[in-house]
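Letter by letter, the sequence shown follows residues 1 to 365 in our numbering.
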Amino acid sequence: MSKHRLPLVAAIYLGSFVALLDVSIVNVALPTIQQALQTDFGGLQWVVDSYTLCLSAFMLSSGLIGDRYGRKRSWLAGVGIFVAGSLICAVAPNLPVLLAGRVVQGIAGSLLIPGALSILTQAFPDARQRAGVIGGWASFAAISLLVGPVLGGILVETVGWQSIFLINLPLGLITIALGAVSINETAHPEHAHLDLVGLALSILWLGALTFGLISAGENGWGEPRTVAALVAGVVGLAAFLGFEARTARPMLPLGLFRDVRFAVANVASFALGFTSYSSVFFFSMFLQQVQGWSPTQTGLRMAPAFIVQIVVSPWIGRLSARYGHSALMTIGYVAIGLSMLGMCWAGPSTPYAMLCLLFAIGGLG
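Rendered as structure tokens:
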């Protein structure tokens, strides 16, 4: 890779790092945020879910925005909006303002992550170079998810919970400066068709379903608001699928799911994301509120999962070539399942040696 491409790669890697860091860094700060903003457990769930909800809902349309308005322009705008959202979160005096900032962050993040792949693909036409750069991007993105709890714990305990958002400001500004001078503008407006109806319906059913599940945990499944939200989520999902099946240019081509391998891979990815992201939330709460560890101690105690992932990741390619994807995925899901099952019996007096082993098994998976 030539030296003049290094600023571009640094910008893309750093932008993705910041966007994905906010998926995991917030979790260890939740008990501190709960105390500072006087919110309940449901409010804490929204601190996490408002970001990931907007990230997933808007991600399918973000590529079309890059095609229409330019990949460089939309990606740099995403970084700027993310910085603004981080500032809103950092100065939030109450939960509604914090959630508003998280929504802004989520929308911006949906421009950064898929936009990164598009820019790298355009910048590196050589297949071998492109594969290496995208592989490095994936590794860098994984590291951001891994270091989030440890970094978050240190920042919360030494500076304050606002620091987990303030750290995005200098990183974001550096990213904008690097990207502005190194990324070439590309656009294909003739390919861009923004499915606004599909986007609105996806936000509706995802938001309603999320609200219903959080409400069920707080108020019970029979509570009127819970029932109404879950019904709205199911109806919204049905409307979304019906519209996507009929429209000429859908944001989610349902025909892709006729491929059994594609469908199975997506279901497996959903299960992995569901267990991985939710477990980080609950583990951070458990270690602090049940076992009484500080934020920094919590981040360090969750580190075995991340360390194992970092150690094992470089070997995955060779193992996959030798034993096949299916065998590795099966072993991985079994390991994660055993780890989650073991955590079901964790309590206030569970020794850390046992938790460390379970974290390591989960990280291996």
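Where is the CB? At the ideal position from N, CA and C, for every residue including glycine.
In the pairwise beta carbon analysis, the region 237-255 is classified as not touching the region 325-339: fewer than three pairs are separated by under 8 Å.
Short of 7 Å from the beta carbon of Ile203, and not among the five residues preceding or following it, lie these beta carbons of its own chain, in chain order: Ala57.
Linking Phe243 to Gly198 through their CA atoms gives a straight-line distance of about 7 Å. If you look at Pro31, you'll find it in the alpha helix (DSSP H) that goes Leu30 to Leu37. Nearest to Gly78 by C-alpha distance, out of Ala248, Val97, Ile113 and Leu64, is Ile113.
About 17 Å separates the beta carbon of Gly70 from that of Thr175, a gap too long to meet the 8 Å contact definition. For the 7 Å CB-CB criterion, Ile12 and Ala116 form a contact. Scanning its chain for C-beta atoms nearer than 7 Å, with the 5 sequence neighbours on each side dropped, one finds around Ala229 the residues Ala208, Phe211, Gly212 and Ser215, in chain order. Trp221 counts as exposed, since fewer than 16 other beta carbons sit within 10 angstroms of its beta carbon.
Contact between the region 315-326 and the region 153-172 is absent: fewer than three C-beta pairs spanning the two stretches fall below 8 Å.
The region 99-111 makes contact with the region 40-54, as at least three CB pairs between them are under 8 Å.
A buried status is given to Cys89, since no fewer than 16 other beta-carbon atoms sit within 10 Å of its beta-carbon. At the C-beta level, Glu157 and Thr296 come within 7 Å of one another.
Rounded to the nearest angstrom, the gap between the Cα atoms of Ile119 and Ile134 is 10 Å. In its chain, beyond the 5 residues on either side, Leu30 and Pro31 have a beta carbon closer than 7 Å to the beta carbon of Met285. At a cut-off of 4 residues, the continuous stretches assigned as alpha helix (DSSP H) that sit fully inside the region 278-314 are 295-301. For Met343 and Val267, the gap between their C-alpha atoms comes out near 23 Å. Around the C-beta of Asp195, 16 or more other C-beta atoms lie within 10 Å, and the residue is accordingly described as buried.
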